[in-house]
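There are 2 protein chains.
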Amino acid sequence: MSKRGRPRDFEHTSIVDIAMKTFWTKGYEGCSTQDLCNDTGLGKGSLYNTFGSKQELYKQAVERYHETGIKEQTAILESTGSVKERLRYFLNWGMVEDFESTSPKGCLLINAGLERANEDPIVEGIVSRHIELLKAAMEKIMEEGLRTGEIPRQRSAVDLASLFLSSYYGFRVLNTSTQNRTLAEQIMNGTMESIFGA
Amino acid sequence: MSKRGRPRDFEHTSIVDIAMKTFWTKGYEGCSTQDLCNDTGLGKGSLYNTFGSKQELYKQAVERYHETGIKEQTAILESTGSVKERLRYFLNWGMVEDFESTSPKGCLLINAGLERANEDPIVEGIVSRHIELLKAAMEKIMEEGLRTGEIPRQRSAVDLASLFLSSYYGFRVLNTSTQNRTLAEQIMNGTMESIFGA
DNA sequence: TTAATATTGTAACGTTCGGTACAAAAATAG
DNA sequence: CTATTTTTGTACCGAACGTTACAATATTAA
Numbered sequence: 001m002s003k004r005g006r007p008r009d010f011e012h013t014s015i016v017d018i019a020m021k022t023f024w025t026k027g028y029e030g031c032s033t034q035d036l037c038n039d040t041g042l043g044k045g046s047l048y049n050t051f052g053s054k055q056e057l058y059k060q061a062v063e064r065y066h067e068t069g070i071k072e073q074t075a076i077l078e079s080t081g082s083v084k085e086r087l088r089y090f091l092n093w094g095m096v097e098d099f100e101s102t103s104p105k106g107c108l109l110i111n112a113g114l115e116r117a118n119e120d121p122i123v124e125g126i127v128s129r130h131i132e133l134l135k136a137a138m139e140k141i142m143e144e145g146l147r148t149g150e151i152p153r154q155r156s157a158v159d160l161a162s163l164f165l166s167s168y169y170g171f172r173v174l175n176t177s178t179q180n181r182t183l184a185e186q187i188m189n190g191t192m193e194s195i196f197g198a
Numbered sequence: 001m002s003k004r005g006r007p008r009d010f011e012h013t014s015i016v017d018i019a020m021k022t023f024w025t026k027g028y029e030g031c032s033t034q035d036l037c038n039d040t041g042l043g044k045g046s047l048y049n050t051f052g053s054k055q056e057l058y059k060q061a062v063e064r065y066h067e068t069g070i071k072e073q074t075a076i077l078e079s080t081g082s083v084k085e086r087l088r089y090f091l092n093w094g095m096v097e098d099f100e101s102t103s104p105k106g107c108l109l110i111n112a113g114l115e116r117a118n119e120d121p122i123v124e125g126i127v128s129r130h131i132e133l134l135k136a137a138m139e140k141i142m143e144e145g146l147r148t149g150e151i152p153r154q155r156s157a158v159d160l161a162s163l164f165l166s167s168y169y170g171f172r173v174l175n176t177s178t179q180n181r182t183l184a185e186q187i188m189n190g191t192m193e194s195i196f197g198a
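Just so you know, the protein sequences line up as chains A and B, in that order.
For the first sequence, the positions run 1 to 198 when UniProt numbering is used.
For the second sequence, the positions run 1 to 198 when UniProt numbering is used.
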């Protein structure tokens, strides 16, 4: 027994997906509600009836980006293969996002963290949660590497994960800002070397 | 013999300095020309007579940020003290900018790189130039550390500098986005340890 | 002093902003 | 069927957007 009244003729998640890419490309302040209507195909009536405000739609877009992103990232870190292979693949995945993505270039979560975390505590919460989860997954794989001896010289998994986390985010920022592939390769090499030794 | 006509009653660089902070706080899209007039004390006539457009003022603001920033940064990297002390001080300087700055929090150059580098080739150029100069200064100090033996195990200065560069920018982004001091300390430790050994 | 010139503050320009009002449309419940 | 409910597209709201126009102002050159 479904609800009374005219049914919606769109999928909530599909709209959030599209809006996510619009915000990702143009930023929060840089895109208008009209842009969102154009890209999603919704009229303002539907858009405001469903989401209430631009800010609320943005939060849902960032939340969705976080959810799909953390799944992809942990899947890579927990996949088969050596620790070294998985970490290199992780960086490579980020590099594809920055240089070859059919989605917008760069990382929406970074943009949201810098543009909106200070203005919107909920956005801040999503970003912080994502980083905590990602860091935890990194600590796990570092522990594995230390246990098996793949990572030489005892250092704490927390320190290793913190380094890899920061280097990863710097990598993404530098890639997006400069589109410099040579630098990207050097960062990948420098990061891998710092963990696995010369 | 000065020019004919009514003289300006403001200093060009002072205005750029103020505008820099306004853009830094609110972002390019997030601040209006009225915001810039309010903060600088200039009327729209003067502002447009002097700079021509919001975009042009933004470029000058980013350029000025770059100039003052690269001086500060290279001064730290080239100061007296051990390589380790200088690198730790460099990270600490960034941390102060992110947590305790009386200026706006975070780094305008990162914001500019992410928000405007894709839209404005001149901004892209400033950001890329800054990063190249900073990386060169980092390579120099890494060479010194390798030469004196302060940095153990031979790795290339380029790889070391690339790692430090990316970790530094990730550090800044994570600090600004999450305001998490514990994480910041862990990143500092992880980064220093990865260069100087356990 | 007067002519020329540059800067100033203010008042607008047309456009776009985020958001709302509301009637037409499309479904279910009875 | 009719009544009710929900979504839809469109027209519109006042405010703010980046930018321009321009007369008043303040200076120097002659």
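Heads up, the beta-carbon is just placed ideally off N, CA and C, and yes, glycines get one too.
- Just measuring C-alpha positions, the residue of Y168(B), N180(B) and Q186(B) sitting nearest F90(B) is Y168(B).
- Below 8 Å, enough C-beta pairs join the segment 148-159 of chain B and the segment 79-95 of chain B to call them touching: three or more.
- Against chain A, the CB of Q186(B) has a partner CB under 8 Å away; the residue lies at that interface.
- Annotation: Y89(A) has no Cβ neighbours in chain B at a cutoff of 8 Å; minimum Cβ distance is about 17 Å.
- A residue is called buried once 16 or more other Cβ atoms fall within 10 Å of its Cβ, and D159(B) is buried on that count.
- Within 7 Å of the CB of D159(A), the CB atoms of chain B belong to Q186, N189, G190 and E193, in sequence order along the chain.
- Here the alpha carbons of Y58(B) and L42(A) stand approximately 34 Å from one another.
- Annotation: the continuous alpha helix (DSSP H) that includes N49(A) extends over K44 to F51.
- In this structure, DSSP gives K140(B) a helical state, which the three-state scheme calls helix.
- Close to chain B, meaning a Cβ-Cβ distance shorter than 7 Å, are the following residues of the segment 16-31 of chain A: G27, E29 and G30.
- For E115(A), a Cβ of chain B is located within less than 8 Å of the residue's own Cβ.
- Rounded to whole angstroms, the Cβ separation of A61(A) and V123(A) is 10 Å, and the two are not in contact under 8 Å.
- For V127(B), the C-beta contacts it makes with chain A under 7 Å involve S177 and T178, in order along the chain.
- Among the CB atoms of chain B, none fall inside 8 Å of the CB of R86(A).
- In the DSSP assignment, K71(B) falls within the alpha helix (DSSP H) that extends over K54 to L77.
- Take E97(A), set aside five residues on each side of it, and the residues of its chain with a beta-carbon closer than 8 Å to its own are S103, K105, G106, C107 and R172, in chain order.
- At a beta-carbon threshold of 7 Å, the residues of chain B lying near S167(A) are L163, S166, S167 and G170, ordered along the chain.
- Assignment of C37(A) by DSSP, reduced to helix, strand and coil, places it in the helix class.
- Residues of the segment 133-160 of chain A with a C-beta less than 7 Å from any C-beta of chain B: R153, Q154, R155, V158, D159 and L160, listed in chain order.
- For the pair V127(A) and Q55(A), the Cα-to-Cα distance works out to about 16 Å.
- In this structure, DSSP gives R147(A) a helical state, which the three-state scheme calls helix.
- Pairwise C-beta distances place the segment 128-138 of chain A out of contact with the segment 9-28 of chain B, as fewer than three of them are shorter than 8 Å.
- Burial of F164(B) is indicated by the presence of at least 16 other C-beta atoms within 10 angstroms of its C-beta.
- Shown here for G197(B): same chain residues with a beta carbon closer than 6 Å to its own, the five before and five after excluded, namely P152 in chain order.
- At least 8 Å separates the beta-carbon of S166(B) from that of G69(A).
- R181(B) and I110(B) have their C-alpha atoms roughly 20 Å apart.
- Annotation: L77(A) has no Cβ neighbours in chain B at a cutoff of 8 Å; minimum Cβ distance is about 17 Å.
- Between T176(A) and L114(B), the CB-CB gap stays under 8 Å.
- The Cβ neighbour count for H12(A), taken over all protein chains shown within 10 Å, is under 16; the residue is labelled exposed.
- Under the three-state reduction of DSSP output, R155(A) falls in the coil class, being neither helix nor strand.
- Counting only the Cα atoms, R6(B) lies some 54 Å from E185(B).
- The C-beta distance from T80(B) to I131(A) rounds to 36 Å, too long to fall under 8 Å, and the pair is not in contact.
- A direct Cα-to-Cα measurement between R116(B) and Y65(A) gives close to 22 Å.
- Distance from the CA atom of S46(A) to the CA atom of Q34(A), rounded to whole angstroms, is 12 Å.
- When the Cα atoms are used, N38(B) and S14(A) turn out to be separated by approximately 42 Å.
- For W24(B), the number of other beta carbons within 10 angstroms of its own is at least 16, and it is reported as buried.
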